[in-house]
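Colleague: Here it is: the structure, laid out below.
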Amino acid sequence: MIGKKKVTILVPAYNEEDVLQQLYSRLINVFNTLPLYKFELLFINDGSTDETLPKIKLLREMDNRVSYVNLSRNFGKETAMIAGLDYAEGDAVIIIDADLQDPPELIPEMIHYWENGYDDVYAKRNSRSGETWIKKTTATAFYRLLEKVARVPIQRDTGDFRLLDRRCVDALRQLRETQRYTKGMFSWIGFNKKEILFDRDPRAAGETKWNYFKLFDLAIEGITSFTTTPLRISALFGCIVSFCAFIYMIWIIAKTMLFGEPVAGYPSLMTVILFLGGIQLISLGILGEYIGRIFNETKNRPLYFVDEYNNVKINNFDTNKLQAVSKE
Ligand code: UDP
Ligand code: MG
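To convert, count from 1 in the sequence shown and add 1274; that's the numbering used here.
This is the structure in structure tokens:
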């Protein structure tokens, strides 16, 4: 028989002990409906502090389709995903959250479109059940803002749940910036995209790892890694303010020459100083944001370190190169 195509299911997992079993059985049910494919179920244990890793190891003992990468500490989901892409063996990779908010039952449809020539089949949420309205509105507002300022189209209401062809995976693996905004990268690499719709379920168990601080961070990440528009806005702002100040200056000079100056003017002076001070601080902040990114990227550190891959302890002597060969 000719070799079956292999599909890697990539699951970043951080303290997900409560859902693993459920996730595994739902995935296996899906695998069973697709006998024409080989599957690899690749867990990236992102420094979990609970029983996630032992549970993954148990699954591997029962089922050799299960693989895992144990990262040396918690690096965050974005980094866990690139680690997963580095280690995935499949002809296609499907990224899915461990918490079952992304229904595995969508996988056959994704594979169907993949077979029809699409390289990136992404699932778009119809609704966000189980999430507070604050999260819903902030998410919508953010996507809208990002779309306006970034020069790459970013798919709205789309998470990381998607199928990527090997070509996309290899493209993504070359984007090795440390501050990652993967959602934008999916758009940036291009290739043939296909959208499918689904209803996002509430988390099956456990708790979300995101808080508003982290989400804010991700938002800043998204904007600063894909556009320099804020820099331009602050420059534009500076121009407008200087222009107004110039007109005002002429007015003051003219007024003083014509009518003299009986002092006063404290309130207007104060207002102008405060206003300009504010604008300067904002512009400095924006500059700082970009300089910080340059600083982080120039350090050129490896993105992550691996502790263990499928029961083998890994020596990370040159992580960026090692990943290419580690699977052989
Ligand atoms: N995750 C991770 N590292 C982290 C935080 C989260 O690998 O530092 C994983 C987590 O285990 C889950 C996915 O990323 O599989 C999405 O996390 P979560 O459900 O907490 O995010 P939300 O669905 O609320 O956006
Ligand atoms: Mg979730």
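Ideal Cβ placement from N, Cα and C applies to all residues, glycine included.
1. Would you give the residue range spanned by the alpha helix (DSSP H) that Ala1287 belongs to?
2. Using only alpha-carbon positions, find the residue among Val1395, Gln1296, Trp1388, Lys1331 that is nearest to Ser1461.
3. With a cut-off of 8 Å on the beta carbons, I'd call Glu1314 and Lys1280 a contact; round off their distance for me.
4. Just to confirm, are Asn1344 and Asp1581 a CB contact at a threshold of 8 Å?
5. With respect to 7 Å, is the separation between the Cβ of Ala1444 and the closest non-hydrogen atom of the ligand MG below this value?
6. Of the choices Lys1398, Asp1360, Arg1450, Asn1466, whose alpha-carbon is the least far from that of Gly1391?
7. For Leu1412, verify whether its CB is less than 7 Å away from any heavy atom of the ligand MG.
8. Could you tell me whether any non-hydrogen atom of the ligand MG is closer than 7 Å to the CB of Gln1429?
9. For Asn1570, count neighbouring Cβ atoms within 10 angstroms of its own Cβ and tell me buried if that reaches 16, exposed if not.
10. Under 7 Å: does the beta carbon of Asp1373 sit that close to some heavy atom of the ligand UDP?
11. Determine the burial state of Ser1542: buried for a count of at least 16 other Cβ atoms within 10 Å of its Cβ, exposed for fewer.
12. Could you tell me the distance, in whole angstroms, from the CA atom of Val1304 to the CA atom of Asp1365?
13. Provide the residue span of the beta strand (DSSP E) that contains Leu1294, from first to last.
14. Does at least one heavy atom of the ligand MG sit under 7 Å from the Cβ of Thr1482?
15. What did DSSP end up calling Glu1325 once you bin it into helix, strand or coil?
16. With which residues is Ser1341 paired in a DSSP beta bridge?
17. Regarding Lys1398 and the ligand UDP, is the C-beta to nearest heavy atom distance less than 7 Å?
18. Just checking my contact of Thr1353 with Tyr1578 at CB under 8 Å: how many whole Å lie between their CB atoms?
19. According to DSSP, is Glu1451 part of a helix, a strand, or is it coil?
20. Go ahead and label Ile1521 buried or exposed: buried means 16 or more other beta carbons lie within 10 angstroms of its beta carbon, across all protein chains shown.
21. Per DSSP, what kind of secondary structure is Val1515 in: helix, strand or coil?
22. From Asn1590 to Gln1453, what distance separates their C-alpha atoms?
23. Compute the Euclidean distance between the alpha carbons of Gly1534 and Phe1517, then round it to the nearest angstrom.
24. Could you tell me how far apart the beta carbons of Val1293 and Leu1374 are, in whole angstroms, since I believe they sit closer than 8 Å?
25. Mind the definition here: the stretch 1439-1456 touches the stretch 1558-1574 only if three or more C-beta pairs lie below 8 Å; say whether that holds.
26. Between Lys1351 and the ligand UDP, is there a pair consisting of the residue's CB and a ligand heavy atom that are separated by less than 7 Å?
27. What's the C-alpha gap between Phe1549 and Met1531?
28. Among Tyr1387, Pro1536, Val1546, Thr1502, which residue has its Cα nearest to the Cα of Met1523?
29. Check the Cβ-Cβ distances between Asp1434 and every residue of chain D, and say whether any is below 8 Å.
30. Among Leu1332, Ser1346, Lys1278, Ala1372, whose alpha-carbon lies nearest the alpha-carbon of Ile1588?
31. Given this structure, state the Cα-to-Cα distance separating Ile1283 from Lys1312, to the nearest angstrom.
Modeller: In short, the structure shows the following:
1. Position 13 of the sequence shown holds residue 1287. Premise fails: Ala1287 lies in the beta strand (DSSP E), 1279-1287, not in any alpha helix (DSSP H).
2. Here the question's residue 1461 lines up with position 187 in the sequence shown. Checking every option, the nearest Cα to that of Ser1461 belongs to Val1395.
3. Here residue 1314 is taken as the residue at index 40 of the sequence shown, counted from 1. Here residue 1280 is taken as the residue at index 6 of the sequence shown, counted from 1. Glu1314 to Lys1280, Cβ: 6 Å. Contact.
4. Counting from one through the sequence shown, the residue named residue 1344 turns up at place 70. Counting from one through the sequence shown, the residue named residue 1581 turns up at place 307. Closer than 8 Å, so yes.
5. Position 170 of the sequence shown holds residue 1444. The question names Ala, yet the displayed sequence has Asp at residue 1444. No, the ligand MG has no heavy atom inside 7 Å of this Cβ.
6. In the sequence shown, residue 1391 corresponds to position 117, counting from 1. Comparing Cα-Cα distances from Gly1391 to each of Lys1398, Asp1360, Arg1450, Asn1466, the minimum goes to Asn1466.
7. Taking the sequence shown and counting its residues from 1, the one referred to as residue 1412 is at position 138. Rather than Leu, the amino acid found at residue 1412 in this sequence is Thr. Checking every heavy atom of the ligand MG against the Cβ of Thr1412, none is found closer than 7 Å.
8. As a working mapping, residue 1429 is identified with position 155 in the sequence shown. Gln1429 Cβ: outside cutoff for every heavy atom of the ligand MG.
9. Along the sequence shown, one-based indexing puts residue 1570 at 296. Per the 10 Å Cβ criterion, exposed.
10. Here the question's residue 1373 lines up with position 99 in the sequence shown. Within the cutoff, so yes.
11. Position 268 of the sequence shown, counted from the start, is the residue given in the question as residue 1542. Per the 10 Å Cβ criterion, exposed.
12. As a position in the sequence shown, residue 1304 is number 30, starting the count at 1. As a position in the sequence shown, residue 1365 is number 91, starting the count at 1. Rounded to whole angstroms, Val1304 to Asp1365 spans 18 Å at the Cα level.
13. As a working note, residue 1294 is residue 20 in the sequence shown. Looking at the DSSP string, Leu1294 is not in any beta strand (DSSP E); the run it does join, the alpha helix (DSSP H), is 1294-1306.
14. Counted from its first residue, the sequence shown places residue 1482 at position 208. It does: the Cβ of Thr1482 is within 7 Å (strictly closer) of some heavy atom of the ligand MG.
15. Here residue 1325 is taken as the residue at index 51 of the sequence shown, counted from 1. If DSSP states are grouped into helix, strand and coil, Glu1325 belongs with coil.
16. Start at 1 with the first residue of the sequence shown, and residue 1341 comes out as number 67. Ser1341 is bridged to Leu1316.
17. Counting from one through the sequence shown, the residue named residue 1398 turns up at place 124. No, Cβ of Lys1398 sits at least 7 Å from all heavy atoms of the ligand UDP.
18. Within the sequence shown, the letter at position 79 stands for residue 1353. Within the sequence shown, the letter at position 304 stands for residue 1578. The pair is a contact, with the Cβ atoms about 5 Å apart (cut-off 8 Å).
19. The residue you call residue 1451 lines up with position 177 of the sequence shown. Three-state DSSP puts Glu1451 in coil, outside helix and strand.
20. Against the sequence shown, residue 1521 aligns to sequence position 247. Exposed, by the Cβ-count rule.
21. Within the sequence shown, the letter at position 241 stands for residue 1515. Correct three-state label for Val1515: helix.
22. In the sequence shown, counting from the first residue as 1, residue 1590 sits at position 316. In the sequence shown, counting from the first residue as 1, residue 1453 sits at position 179. Going by the C-alpha atoms only, they are around 20 Å apart.
23. Taking the first residue of the sequence shown as position 1, residue 1534 is located at position 260. Taking the first residue of the sequence shown as position 1, residue 1517 is located at position 243. Taking the straight line joining both Cα atoms gives about 24 Å.
24. Here residue 1293 refers to the residue found at position 19 of the sequence shown. Here residue 1374 refers to the residue found at position 100 of the sequence shown. Yes, Val1293 and Leu1374 are in contact; Cβ-Cβ is about 6 Å, under 8 Å.
25. yes
26. The count along the sequence shown starts at 1 and reaches residue 1351 at position 77. Correct: Lys1351 has its Cβ closer than 7 Å to the ligand UDP.
27. Here residue 1549 is taken as the residue at index 275 of the sequence shown, counted from 1. Here residue 1531 is taken as the residue at index 257 of the sequence shown, counted from 1. Each residue's alpha carbon lies about 26 Å from the other.
28. Sequence index remark: in the sequence shown, residue 1523 carries index 249 (1-based). When each option's Cα is compared against that of Met1523, the closest is Val1546.
29. Here there is only one protein chain, and chain D is not present.
30. Position 314 of the sequence shown, counting from 1, holds the residue named residue 1588. Ranking the options by Cα distance to Ile1588, first place goes to Ser1346.
31. Locating residue 1283 in the sequence shown gives position 9, counting from the first residue. Locating residue 1312 in the sequence shown gives position 38, counting from the first residue. Roughly 11 Å between the two C-alpha positions.
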